[in-house]
Amino acid sequence: MTRLALADRRAALISAAVRVIARSGLAAATTRAIVAEAGMPLGSFHYAFESRDDLIAAVIAAITDEVQNAALGALPAPDSPHADLAATLRHGLDRFLDLLVADPQREQALLELSLYAVRQNALSAQTTHQYRAYYRAAEHSLTLAAAACGMAWSVPPARAARLLVTVTDGITSTWLADRDTEAARETVVFAADALARLARPARAATQTLTVPSPQFHKEQPRAD
Numbered sequence: 073m074t075r076l077a078l079a080d081r082r083a084a085l086i087s088a089a090v091r092v093i094a095r096s097g098l099a100a101a102t103t104r105a106i107v108a109e110a111g112m113p114l115g116s117f118h119y120a121f122e123s124r125d126d127l128i129a130a131v132i133a134a135i136t137d138e139v140q141n142a143a144l145g146a147l148p149a150p151d152s153p154h155a156d157l158a159a160t161l162r163h164g165l166d167r168f169l170d171l172l173v174a175d176p177q178r179e180q181a182l183l184e185l186s187l188y189a190v191r192q193n194a195l196s197a198q199t200t201h202q203y204r205a206y207y208r209a210a211e212h213s214l215t216l217a218a219a220a221c222g223m224a225w226s227v228p229p230a231r232a233a234r235l236l237v238t239v240t241d242g243i244t245s246t247w248l249a250d251r252d253t254e255a256a257r258e259t260v261v262f263a264a265d266a267l268a269r270l271a272r273p274a275r276a277a278t279q280t281l282t283v284p285s286p287q288f289h290k291e292q293p294r295a296d
């Protein structure tokens with residue numbers, strides 16, 4: 073086998089892990105199964121990753137980054153004169169759906185990892201590492217999208233980010249179940265319009281409403 077650079081070795085093992093997890097589940101994704109899928113000797117694994125858990129974390133990070141980069145690539149240039157937030161969000165969600173349709177295995181693998189993390193985290197109220205990464209990426213994307221369109225969120229960006237993650241989860245699981253891409257595109261339009269209604273022009277968001285303080289007048293004594 074040709075000797076691979078460290079970055080290439082890591083990328084090959086990440087891709088192999090995604091295929092094994094999507095095909096056979098996380099329990100079957102042993103170190104031995106993953107290196108066999110990648111066509112590497114077992115001894116080469118630890119040159120790239122410290123452990124299987126380290127590899128799994130890299131799988132989540134790699135796919136999250138790819139989805140976020142696709143969404144960011146859909147953003148208009150900052151201060152675009154005619155940028156529309158709903159259209160921008162639709163474009164970003166369409167890019168997400170394109171990635172899902174092109175490679176369903178990646179999202180199947182993430183769903184498997186998500187369920188595993190929930191089982192491991194069953195006695196804790198802590199958000200899993202996977203979803204913390206999703207929320208950060210969604211909040212970053214929404215903040216940039218609003219700014220590019222001259223808008224500001226009227227709700228805390230973290231709340232809007234949670235809604236976006238909920239939407240993408242629903243689109244993913246439903247599409248994996250029925251493979252109805254046309255219906256998924258319709259959902260994208262509805263979701264983007266709903267999200268956009270949570271924002272307002274940035275100028276309006278920076279203005280504070282001044283309400284006159286109530287005036288209390290001491291009652292004057294009556295002349296009689």
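Under my numbering, the first residue of the sequence shown carries the number 73, and numbering increases by one thereafter. All C-beta atoms in this analysis are idealised placements derived from N, C-alpha and C, irrespective of residue type, glycine included.
Name the residue from the options whose alpha carbon lies nearest to the alpha carbon of residue i.
i: F121; options: T136, V190, D80; result: D80
i: I243; options: A189, V190, A205, D166; result: D166
i: S96; options: L182, N141, V173; result: L182
i: A83; options: E138, T102, A100, S245; result: E138
i: T136; options: E258, L248, H201, D252; result: H201
i: A110; options: Y188, S123, R91; result: R91
i: T246; options: A264, V260, A233; result: V260
i: A159; options: A230, C221, V131; result: C221
i: S87; options: L214, Q177, A230, A264; result: Q177
i: E254; options: D170, L157, E184; result: D170
i: Y203; options: T215, L216, A230; result: A230
i: S186; options: L216, L214, I132, A210; result: I132
If you draw a straight line from the C-alpha of residue i to the C-alpha of residue j, how long is it?
i: A129; j: A256; result: 29 angstroms
i: L161; j: G145; result: 11 angstroms
i: A101; j: L172; result: 22 angstroms
i: V237; j: G115; result: 38 angstroms
i: A89; j: R208; result: 24 angstroms
i: H163; j: A94; result: 27 angstroms
i: F262; j: D125; result: 37 angstroms
i: H212; j: Y206; result: 10 angstroms
i: F168; j: M112; result: 31 angstroms
i: Y188; j: I106; result: 18 angstroms
i: T103; j: A174; result: 26 angstroms
i: S123; j: A99; result: 15 angstroms
i: T240; j: A233; result: 11 angstroms
i: L267; j: A108; result: 44 angstroms
i: A155; j: L235; result: 22 angstroms
i: Q140; j: E179; result: 14 angstroms
i: A21; j: D265; result: The chain is shown only over 73 to 296; residue 21 falls outside these bounds and no answer can be derived.
i: L127; j: E184; result: 15 angstroms
i: A217; j: D250; result: 30 angstroms
i: T215; j: A142; result: 15 angstroms
Three-state secondary structure (DSSP) at residue i?
i: H289; result: Residue placement at H289 is poorly supported in this model, since its pLDDT is 44, which falls under 50; the coordinates are not used for a value here.
i: A224; result: strand
i: A108; result: helix
i: R231; result: helix
i: A134; result: helix
i: A77; result: coil
i: A271; result: strand
i: A155; result: coil
i: L216; result: helix
i: T103; result: helix
i: R251; result: coil
i: W200; result: In the sequence on display, residue 200 carries Thr and not Trp. Coil at T200, not helix or strand.
i: G242; result: helix
i: E211; result: helix
i: S96; result: helix
i: S123; result: coil
i: P284; result: Any reading at P284 needs caution, since the residue's pLDDT is 45, under 50, leaving its predicted position unreliable; the model's value is listed next. Coil at P284, not helix or strand.
i: Y206; result: helix
i: L147; result: coil
i: V90; result: helix
> Can we say the stretch 255-274 touches the stretch 212-225, given the rule of at least three CB pairs closer than 8 angstroms?
Replying inline: At 8 angstroms Cβ cutoff, the stretches touch.
* Asked: Counting only runs that start and end within the stretch 158-196, where is the alpha helix (DSSP H) found for 4 or more residues in a row?
  -> Listed in chain order, they are 176-192.
Fill in: Inter-stretch contact (C-beta, 8 angstroms, three-pair minimum) for the stretch 78-94 and the stretch 109-123
yes
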